[in-house]
Amino acid sequence: MATLRVEHLNKTFPAIERGSDATTAIDDLSFEIGGHVFVSVVGPSGCGKSTLLNIVSGIETATHGSVSVSEDGSPARLGYVFQEPRLLPWRTVMQNMLYVLEGEDVPDRARDYLRMVGLDDAGGKFPAQLSGGMQQRVGIARAFAVEPDLLLMDEPFSHLDAITARSLREQLQGIWTEAKKTVLFVTHDIAEAVQLSNRVLILAPGGRLFADLPIELPYPRKASDTEVAMAQAELLRRFEEMQEETDAARATDVAS
Ligand SMILES: Nc1ncnc2c1ncn2[C@@H]1O[C@H](COP(=O)(O)OP(=O)(O)OP(=O)(O)O)[C@@H](O)[C@H]1O
Ligand SMILES: [Mg+2]
Numbered sequence: 019m020a021t022l023r024v025e026h027l028n029k030t031f032p033a034i035e036r037g038s039d040a041t042t043a044i045d046d047l048s049f050e051i052g053g054h055v056f057v058s059v060v061g062p063s064g065c066g067k068s069t070l071l072n073i074v075s076g077i078e079t080a081t082h083g084s085v086s087v088s089e090d091g092s093p094a095r096l097g098y099v100f101q102e103p104r105l106l107p108w109r110t111v112m113q114n115m116l117y118v119l120e121g122e123d124v125p126d127r128a129r130d131y132l133r134m135v136g137l138d139d140a141g142g143k144f145p146a147q148l149s150g151g152m153q154q155r156v157g158i159a160r161a162f163a164v165e166p167d168l169l170l171m172d173e174p175f176s177h178l179d180a181i182t183a184r185s186l187r188e189q190l191q192g193i194w195t196e197a198k199k200t201v202l203f204v205t206h207d208i209a210e211a212v213q214l215s216n217r218v219l220i221l222a223p224g225g226r227l228f229a230d231l232p233i234e235l236p237y238p239r240k241a242s243d244t245e246v247a248m249a250q251a252e253l254l255r256r257f258e259e260m261q262e263e264t265d266a267a268r269a270t271d272v273a274s
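Everything in the sequence shown is counted per this note's numbering, starting at 19 for the first residue and increasing by one.
Given below as C-alpha cells:
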C-alpha cells in the first residue's frame, strides 16, 4: 500500500498550431491518498483524468507542481490497467503475464492472479482467441501480479458490455479487499465510482478539483443496494452542481 501526494499539479499542453490556444488539462490540483483505499476520479470527457494517471505513472511530465508515490518512505511500485487491455497479440496469455513480472516465483504468481480473475485455463491461448472481457481480465491480472503498491486504472470497463462490466466490478471488489492495494481508479460512470470506491474526487473541466467525497458503506456492495443507490443520487447531485457552475462560468466568459 502506498501514499500518493499530488501538490499544486498543473499540466498545460502547448498549442499545436499557430493561432490555437494551449490546453490546461490539470489546474492546481492537490490531494493525498494512502493505505488500503479505493479512490475514484470522476469527471466529464477531457477534464484531465488520463493526464493525471499518466503523470502519476511517469508517462507524462507535470508543467508545475509535484507528484510523489512512496511506500514506507521508499519509491513505490506501480501497476497500470489501461482503458483497452494492451496485450501483445503474438504472445500467449501466460507469456503476456510473464513479460512484465520479475522474481523466482513468477509462473506461480501469474497462475494465481489468472485464477483470481477466473482465467486459470487461458494461459496457453492467444489474445485473439479471447473475448474483450477476458482480455481485460488478463490486463487486470497482469497489473495485480506485479504486486504494485499503487494500482492505477483508467476506465478499465468502459469498452465492455454491461453484463461483463458488472461481473468484473464485483470481482475487482473481491481482489481489492483481499490484495490490500491502494487504487486510483478513473471513470466517468458515477454508479461504478460509488459501487467501488471509499472516496470520490470530482474533476471539473480544465482539471480543477470540484469535490472530494467519502463513501462510507461496507463492502461488498451491489449496484442494486439501496444505500449505494442513495449515494449515487448524492454524487449525481454534486456532478450536476459542477456542470451548472461550469456552464455559468462559460456564459460569463462569453459575455465579457
Ligand atoms: N498529448 C496531448 N497533447 C495535447 N493535448 C492533450 C494531450 N493529451 C491530452 N490533451 C488534452 O488535455 C485535456 C485532458 O485530456 P485527458 O485525456 O486527460 O482527458 P480525460 O478526462 O481522460 O477524458 P476522457 O474521459 O475522454 O478519457 C483534453 O483537452 C485533451 O485534449
Ligand atoms: Mg481518459
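We treat Cβ as the ideally placed atom computed from N, Cα and C, and that holds for glycine. A quick note: this is a predicted structure, and the numbers were derived from the prediction, not measured.
- In the three-state reduction of the DSSP assignment, residue 143 falls in the coil class.
- Between the beta-carbon of residue 67 and that of residue 76 there is about 17 angstroms, and that puts the pair past the 8 angstroms contact cut.
- Note on residue 99: 16 or more other CB atoms within 10 angstroms of its CB, so buried under the neighbour-count rule.
- Between residue 233 and residue 260, the CB-CB gap reaches or exceeds 8 angstroms.
- Following the DSSP letters along the chain, one finds residue 132 inside the alpha helix (DSSP H) bounded by residues 124-134.
- Taking a cut-off of 8 angstroms on C-beta distances, the segment 181-191 does not touch the segment 27-47, as fewer than three cross pairs fall below it.
- Distances between the C-beta of residue 64 and the heavy atoms of ligand 1 include at least one below 7 angstroms.
- Comparing alpha carbon positions, the residue from 80, 266, 148 closest to residue 29 is 80.
- According to DSSP, residue pairing for residue 82 in a beta bridge involves 28.
- C-alpha of residue 235 to C-alpha of residue 31: approximately 38 angstroms in a straight line.
- Counting only heavy atoms of ligand 2, the residues whose C-beta sits closer than 7 angstroms to one of them are, along the chain, 67, 68, 101, 172, 173, 204.
- The C-beta distance from residue 157 to residue 103 rounds to 4 angstroms, short enough to fall under 8 angstroms.
- The beta carbons of residue 105 and residue 153 sit closer together than 8 angstroms.
- Shown here, residue 171 sits in a strand according to DSSP, grouped into three states.
- Residue pairing by DSSP places residue 41 opposite 31 in a beta bridge.
- Between residue 246 and residue 239, the C-beta spacing is below 8 angstroms.
- Taking all protein chains in view, the Cβ of residue 193 is crowded by 16 or more other Cβ atoms within 10 Å, so the residue is classified as buried.
- CA-CA distance, residue 132 to residue 225, rounds to 36 angstroms.
- The beta carbons of residue 135 and residue 164 sit about 14 angstroms from each other, so the pair does not count as a contact at 8 angstroms.
- Annotated as proximal: residue 24 and residue 85, with beta-carbon spacing under 8 angstroms.
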